[in-house]
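Chemist: Handing you a structure now.
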Amino acid sequence: MGIALSFIPLLITVGLVYLVVNASRRHGGPGAPDARGVRRFFQYALLCALVLVTATGVSDLLGHLVGDGDPDDEAALARALAFTVVGGPLAAALAWWTRRRHLRDPGETASTTYASYLTLTALTALAVAMVQTQAAVAVALQARPGSAGAAVAVLVWGGLWLVHWWLAERTLSRDRNTGHLLLGSAAGLGTALAGFVLLLAAALDLLVRAEPVLGGTARLGTAAATFLVGAVVWVQYWVLNAARGPRGVPWLLLVLPVGVGGGLVVAVVGASVLLWDVLVWFLGDVRAPSALDHFAGAPTAVGAVVGGAVVWWYHRAVLGETRVVRTEVRRIYEYLVAGIGLLAAATGVGMVVVAAVESLTPGVDVGVTVRNTLLGAVTLLVVGVPLWWGFWRGIGRAVVASPTTEVASRTRRTYLVLLFGIAGVAAVVALIVAVYLLLEDLLAGELSGATARDMRYALGVLVAAAAVSAYHGSVFRQDRELVPPTPELPAGPRSVVLVGPADDHLARELARRTGARVELWPRLDDDAAAAWSLTDLVTAVEGYPGADVLVLGGSHAPEVVPVGRHR
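Under my numbering, the first residue of the sequence shown is numbered 10, with each subsequent residue one higher.
Structure below.
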């Protein structure tokens, strides 16, 4: 149960920070939480720690009883007894007291801190139960002692997860349980994908090799167990629950970056490794004694390509976007995929520079030869350029068809800004490294061709970042030519206080038109019957640039009164 203990400090630390932030934000005024928020933070933080400690102790203690572990390890037994004897009663008492508070005050159940506690505890128990399930199957397949202890751990942690799952489903609203469901879905998806890749790799390895390697069957069974555990969790969290939930920002964050982006990255990496192996075998420097040894990693690469492509395809289908109607979700998908392809292509450009510097400077190849480095660059370009260009060309057609809408879209602006930012940071770091290596050899009197060889990776990053920035800089300039920036609105007042009919939409529109900070104070007397006129308001306040004004509305034209703000 060492793995369970390793989970607890990290998860509790992260959870404590998360809980205190939520408690402060939910219940506190500006800068300080109230007493209930502080009490809830410590209450649920302590309950979470006690529950996890008790589960660890019970699991370890039952493991000792069924013969798992060293019977002479008195320290481990003492720790398990202490966790169980001390943690159990305290956790039960605190849970009973918490339950009574929930019955007296419905606000306790609706608090963000309580939802955070259920999410953190349920996911911690789920993670340990998943790991122990995979371990139990692996130990059983290898016919080694210890499977009973792992099975006991699965029962304890699985039971703890089941209790908190039930509590979350029964006491939390759909919105408050969204984080729990989406995080569990991500954990199940990642585990299932890893298990699928390993399972397909093990199966291909058994089929290809005339004499399977030692432990091949156990490897196959362990991979199958990993896949099944992840698939069960993913079905429970995603298929049966989260997939049917509201498609808000958290839902899209799982589907787009994790599902679409993660699956595509896995597929691209697998395809790159597989293609590189093939190119090296036919054109590069082969150091393996046989084709079987050289392509030893090919089954895993094939599994990554297939598994990543399936995950990518599924989440693309879940989005339900069509090419007929362009929505912002569709744009996010296209720019995300284009960005992944661009990253692979840019890495290929950098590796071309690395290979060129290595071929022109003296040095000894360690690990990868110059020819194989160049083939790696070709591989990334072959994989990345078509992916990027295919989606970027579609984006370009959309810009031509509707330039105003596309160029002004938030997704396109964010994409360009992110590229410039990432390229700029990479270039600065690479420049610092290159100058450091240059000055180090210069001050030591050892400046030579070997210096350039040491700088090759920094130079590669600089060239790739420059290429990305130059191309997308031209795209940015083209966007400005297609849709010139909107001329600045005339300067309006610094702040406006509207006293009259309640009209939040009008207040927001006035703020947009004038650039002022607008507050709305509804009038309660009969003079506030007439509605505001946005045109009259804009005309009335334009004569007070940079001032603070009070606008009285009613049955007549708005009356503007300049005021001085008290400081």
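Every residue gets a Cβ at the ideal spot worked out from N, C-alpha and C, and that includes glycine.
#1: May I have the straight-line CA-CA distance separating ASP294 from ALA64, to the nearest angstrom?
#2: Got a sec, what are the start and stop residues for the beta strand (DSSP E) LEU249 sits in?
#3: Does the ligand MN have a heavy atom nearer than 7 Å to the CB of ALA85?
#4: With three or more beta-carbon pairs closer than 8 Å as the criterion, would you say the segment 341–349 touches the segment 272–279?
#5: Under three-state DSSP, which class holds GLU568?
#6: Could you check where the alpha helix (DSSP H) with ARG465 kicks off and where it finishes?
#7: For ALA318, I'd like the list of residues in its chain whose CB is within less than 8 Å of its CB, leaving aside the five on either flank, ordered along the chain.
#8: Do PHE400 and GLU343 have their beta-carbon atoms positioned less than 8 Å apart in this structure?
#9: Could you compute how far the alpha carbon of GLN143 sits from the alpha carbon of ALA439?
#10: Assess contact between the segment 236–246 and the segment 307–324, defined as three or more Cβ pairs (one per stretch) separated by less than 8 Å. Is contact present?
#11: What's the gap between the Cα of GLY116 and the Cα of LEU169?
#12: Taking only three categories from DSSP, how would you classify ARG296?
#13: Beta-carbon separation of GLY393 and ALA353 under 8 Å?
#14: Enumerate in chain order the residues of its own chain whose CB-to-CB distance from ASP82 is below 6 Å, with the five nearest sequence positions on each side excluded.
#15: What does the Cβ neighbour count give for HIS514, buried or exposed, with the cut at 16 atoms within 10 Å?
#16: Take VAL416 as the anchor and find which of TRP398, GLN487 and THR382 has the nearest alpha-carbon.
#17: Within a Cβ cutoff of 6 Å, which residues of the same chain sit near ALA549, ignoring the five residues on either side of it in sequence?
#18: Alpha helix (DSSP H) containing PRO395: first to last residue?
#19: Can you list, in chain order, the residues of its chain with a C-beta nearer than 6 Å to that of ALA355? Leave out the 5 residues immediately preceding and following it.
#20: I'd like to know if the segment 499–513 and the segment 442–454 are in contact, where contact means that at least 3 CB-CB pairs between them fall below 8 Å.
#21: Short of 7 Å in beta carbon distance, which residues of its chain neighbour ALA313, apart from the five on each side in sequence? Order them along the chain.
#22: Note down, in chain order, each residue of its chain lying with its Cβ closer than 7 Å to the Cβ of VAL315, except the 5 sequence neighbours on either side.
#23: If you draw a straight line from the C-alpha of LEU191 to the C-alpha of THR180, how long is it?
#24: In angstroms, rounded to a whole number, what distance separates the CA positions of LEU456 and LEU447?
#25: How about ALA104 and LEU164: are their beta carbons less than 8 Å apart?
#26: Check whether the Cβ atoms of THR187 and GLY254 sit closer than 8 Å, and answer yes or no.
#27: Can you tell me where the beta strand (DSSP E) holding PRO577 begins and where it ends?
#28: Please name the residue or residues paired with GLY509 in a DSSP beta bridge.
#29: Kindly indicate the opening and closing residues of the alpha helix (DSSP H) around ASP545.
Modeler: Well, looking at it:
#1: As a first step, residue 294 is located in the sequence shown; it is residue number 285 there, counting from the start. As a first step, residue 64 is located in the sequence shown; it is residue number 55 there, counting from the start. In a straight line, the C-alpha of ASP294 is about 54 Å away from that of ALA64.
#2: In the sequence shown, counting from the first residue as 1, residue 249 sits at position 240. Here LEU249 belongs to no beta strand (DSSP E), and DSSP marks it neither H nor E.
#3: The model depicted lacks the ligand MN and carries no ligand whatsoever.
#4: yes
#5: For the purposes of this step, residue 568 is identified with residue 559 of the sequence shown, where counting begins at 1. Correct three-state label for GLU568: strand.
#6: What you label residue 465 is simply residue 456 of the sequence shown in a count that begins at 1. 465–491 is the extent of the alpha helix (DSSP H) around ARG465.
#7: Locating residue 318 in the sequence shown gives position 309, where the first residue counts as 1. Contacts found: GLY272 and ALA276.
#8: Position 334 of the sequence shown holds residue 343. Position 391 of the sequence shown holds residue 400. Judged by beta-carbon spacing, PHE400 lies within the 8 Å limit of GLU343, meaning their Cβ atoms are closer than that value.
#9: One-based indexing of the sequence shown puts residue 143 at position 134. One-based indexing of the sequence shown puts residue 439 at position 430. Taking the straight line joining both Cα atoms gives about 42 Å.
#10: no
#11: The residue given as residue 116 occupies position 107 in the sequence shown. The residue given as residue 169 occupies position 160 in the sequence shown. So the two alpha carbons sit approximately 25 Å from each other.
#12: On the sequence shown, residue 296 is found 287 positions in, with the first residue counted as 1. Coil at ARG296, not helix or strand.
#13: Taking the sequence shown and counting its residues from 1, the one referred to as residue 393 is at position 384. Taking the sequence shown and counting its residues from 1, the one referred to as residue 353 is at position 344. Against a cut-off of 8 Å, the Cβ pair of ALA353 and GLY393 comes out as a contact.
#14: Here the question's residue 82 lines up with position 73 in the sequence shown. Excluding positions up to five away in sequence, the list is empty.
#15: Reading the sequence shown from its first residue, position 505 is the one you call residue 514. Exposed is the call here.
#16: Within the sequence shown, numbered from 1, the residue matching residue 416 stands at position 407. It is GLN487.
#17: For the purposes of this step, residue 549 is identified with residue 540 of the sequence shown, where counting begins at 1. Correct list, in chain order: PRO567 and VAL569.
#18: As a working note, residue 395 is residue 386 in the sequence shown. Its alpha helix (DSSP H) spans residues 379–410.
#19: Here residue 355 refers to the residue found at position 346 when the sequence shown is read from its first residue. Within the same chain, ALA355 has close Cβ partners ALA473 and VAL477.
#20: no
#21: For the purposes of this step, residue 313 is identified with residue 304 of the sequence shown, where counting begins at 1. The answer, listed in chain order, is VAL206, VAL275, ALA276, VAL278 and GLY279.
#22: For the purposes of this step, residue 315 is taken as the residue at position 306 of the sequence shown. The beta carbon of VAL315 sits closer than 7 Å to the beta carbons of LEU209 from its chain, once the five residues preceding and following it are set aside; these are given in chain order.
#23: The residue given as residue 191 occupies position 182 in the sequence shown. The residue given as residue 180 occupies position 171 in the sequence shown. Taking the straight line joining both Cα atoms gives about 18 Å.
#24: Within the sequence shown, residue 456 is the residue found at index 447, counting from 1. Within the sequence shown, residue 447 is the residue found at index 438, counting from 1. LEU456 and LEU447: Cα-Cα distance of roughly 7 Å.
#25: Along the sequence shown, read from residue 1 onward, the residue named residue 104 stands at position 95. Along the sequence shown, read from residue 1 onward, the residue named residue 164 stands at position 155. Not a contact, by the Cβ cut-off of 8 Å.
#26: Looking up residue 187 in the sequence shown gives position 178. Looking up residue 254 in the sequence shown gives position 245. In contact: THR187 and GLY254 (Cβ atoms closer than 8 Å).
#27: Look at the range of the chain in this structure, 10 to 576, and you will see that residue 577 is not part of it.
#28: In the sequence shown, residue 509 corresponds to position 500, counting from 1. In the DSSP output, where bridge partners are listed per residue, GLY509 has PRO531.
#29: Here the question's residue 545 lines up with position 536 in the sequence shown. It spans 543–550 - the alpha helix (DSSP H) in which ASP545 sits, taken as one unbroken run.
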